[in-house]
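K.L.:
Following this message is one structure expressed as structure tokens.
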Amino acid sequence: MAETVTGHSALRDRVAIALDFPMREEAEALLRRWSDREKPYIKVGMQLFYTAGPDWVKSLVHDGYSVFLDLKLHDIPHTVAGGVASVARLGVKLLTLHAAGGSQMMKAAREAAVEAAGEERPRLLAVTQLTSTDDRMLNEELAIPGTVRDSVLNLAHLAKQAEMDGIVCSGEEAAWIKGKISTELLTVTPGIRLEGEATGDQKRVMTPEAAIDGGSDLLVVGRPITRAEDPVAAYETILERVERAGRKQI
Ligand SMILES: O=C(O)c1cc(=O)[nH]c(=O)n1[C@@H]1O[C@H](COP(=O)(O)O)[C@@H](O)[C@H]1O
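Per the working numbering: the sequence shown = residues 3 to 252.
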């Protein structure tokens, strides 16, 4: 099994639950379903961060959670560097920014993270093309020629050159990108769905095992867990499927 984003190969480090809730109370109610010994890897995105704030994130880290802070920063280099500096010392493991902000922006982000927190800094993940984007949207709405796959590759190259620690892409591209760029590039894949599950706004979706087979290091799963009747059971099912896929790889 490939090394995980936290630097070891615990199964729980391969699935991050996206806490896409409006208020911290809802997120905390969900997390109380797990025992203290089995804390899941969690992702805090913009919705919750905007209401709950940095101190709450710090308290999660203090309570022993591995936190992925998904702010998808995208602005001029100076502004993004400032944003990164503001959150670099929260103790989160991962932080996202958009590769489409360009190499100067990504380099400024990296420098800011290193300067603020050194080795304790969050690993930076460059989001390539969102999993809600398909070829039609890319070509017709965004006027970017070519396929989503081409664009993901292009942005992943840019991210690698800017010394990002990893990328976010769909499971459909993960193995291909690793083959083209480097197996060392952390590859994080949202858009995870079990067979027959509602895809919602996601366009490039995959099952957990297909994503792991495809070389994904960390799966991001939101609604299939948070909206399940039994979120812990849904999470455990995904972990089992990740484990089975991982065993096949060895
Ligand atoms: O960076 C992300 O986490 C992300 C990138 C991407 O391309 N697509 C994507 O869905 N995400 C996030 O992954 C989660 C997916 O949620 P579900 O579709 O509910 O499983 C959400 O929190 C999204 O913000």
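Idealized CB from N, CA, C, for every residue including glycine. Keep in mind the model is a prediction, meaning the values are calculated, not measured.
(1) Answer yes or no: the CB of threonine 133 versus the heavy atoms of ligand 1, is any distance below 7 Å?
(2) Is alanine 176 near ligand 1, with its Cβ less than 7 Å from a heavy atom?
(3) Throw me the rounded Cβ distance for the alanine 29 and leucine 50 pair, which I believe falls under 8 Å.
(4) What do you get for isoleucine 252, buried or exposed, if any count of 16 or more other CB atoms within 10 angstroms of its CB means buried?
(5) Nearest to aspartate 72 by alpha carbon, out of Ala230, Tyr52 and Ala164?
(6) Where DSSP assigns a beta bridge to lysine 45, which residues make up the other side?
(7) Mind reading off the beta-carbon distance from glycine 168 to leucine 187? Whole number of angstroms is fine, and I expect it under 8 Å.
(8) Which same chain residues end up closer than 6 Å to alanine 54 when comparing Cβ atoms and leaving out the 5 residues on each side of it in sequence?
(9) What distance in whole Å lies between the Cβ atoms of isoleucine 194 and leucine 221, which are believed to be in contact at a cut-off of 8 Å?
(10) Given a threshold of 16 other Cβ atoms within 10 Å of its Cβ, counted over all protein chains shown, does arginine 138 qualify as buried or as exposed?
(11) On the DSSP letters alone, give me the boundaries of the beta strand (DSSP E) that histidine 80 sits inside.
(12) Tell whether a beta-carbon distance below 8 Å holds between arginine 16 and valine 244.
(13) Can you say whether methionine 48 is buried or exposed, counting buried as having 16 or more other CB atoms within 10 angstroms of its CB?
(14) At the level of alpha carbons, what is the spacing between alanine 118 and valine 46?
(15) Rounded to whole angstroms, what's the CA-CA distance from alanine 158 to glycine 217? Just pull it up for me.
(16) State the DSSP-derived secondary structure class of isoleucine 1, mapped to helix, strand or coil.
P.N.:
Walking through what the data contain:
(1) Within the sequence shown, numbered from 1, the residue matching residue 133 stands at position 131. Within 7 Å of the C-beta of threonine 133 there is at least one heavy atom belonging to ligand 1.
(2) As a working note, residue 176 is residue 174 in the sequence shown. Not so, every heavy atom of ligand 1 lies at least 7 Å from the Cβ.
(3) For the purposes of this step, residue 29 is taken as residue 27 along the sequence shown, with counting starting at 1. For the purposes of this step, residue 50 is taken as residue 48 along the sequence shown, with counting starting at 1. That pair is a contact at about 6 Å.
(4) Against the sequence shown, residue 252 aligns to sequence position 250. Caution applies to isoleucine 252, whose pLDDT of 43 falls short of 50 and renders its modelled position unreliable; the model cannot decide the point.
(5) Sequence index remark: in the sequence shown, residue 72 carries index 70 (1-based). It is Tyr52.
(6) The residue labelled residue 45 in the question sits at position 43 within the sequence shown. Per DSSP, Ala20 and Phe70.
(7) In the sequence shown, counting from the first residue as 1, residue 168 sits at position 166. In the sequence shown, counting from the first residue as 1, residue 187 sits at position 185. Cβ-Cβ separation between glycine 168 and leucine 187: approximately 6 Å, consistent with a contact (criterion under 8 Å).
(8) Within the sequence shown, numbered from 1, the residue matching residue 54 stands at position 52. Closer than 6 Å at Cβ, skipping near neighbours: Arg26.
(9) Here residue 221 is taken as the residue at index 219 of the sequence shown, counted from 1. Here residue 194 is taken as the residue at index 192 of the sequence shown, counted from 1. Distance from leucine 221 to isoleucine 194 at the Cβ level is roughly 5 Å; contact confirmed, criterion being Cβ atoms closer than 8 Å.
(10) As a position in the sequence shown, residue 138 is number 136, starting the count at 1. So arginine 138 counts as exposed.
(11) Along the sequence shown, read from residue 1 onward, the residue named residue 80 stands at position 78. Premise fails: histidine 80 lies in the alpha helix (DSSP H), 79-89, not in any beta strand (DSSP E).
(12) In the sequence shown, counting from the first residue as 1, residue 16 sits at position 14. In the sequence shown, counting from the first residue as 1, residue 244 sits at position 242. Cβ distance < 8 Å, so arginine 16 and valine 244 count as in contact.
(13) Within the sequence shown, residue 48 is the residue found at index 46, counting from 1. That one is exposed.
(14) The residue given as residue 118 occupies position 116 in the sequence shown. The residue given as residue 46 occupies position 44 in the sequence shown. When rounded, the distance between both Cα atoms is 21 Å.
(15) The sequence position of residue 158 within the sequence shown is 156, counting from 1. The sequence position of residue 217 within the sequence shown is 215, counting from 1. Going by the C-alpha atoms only, they are around 15 Å apart.
(16) There is no way to answer for residue 1, as the model of the chain reaches only from 3 to 252.
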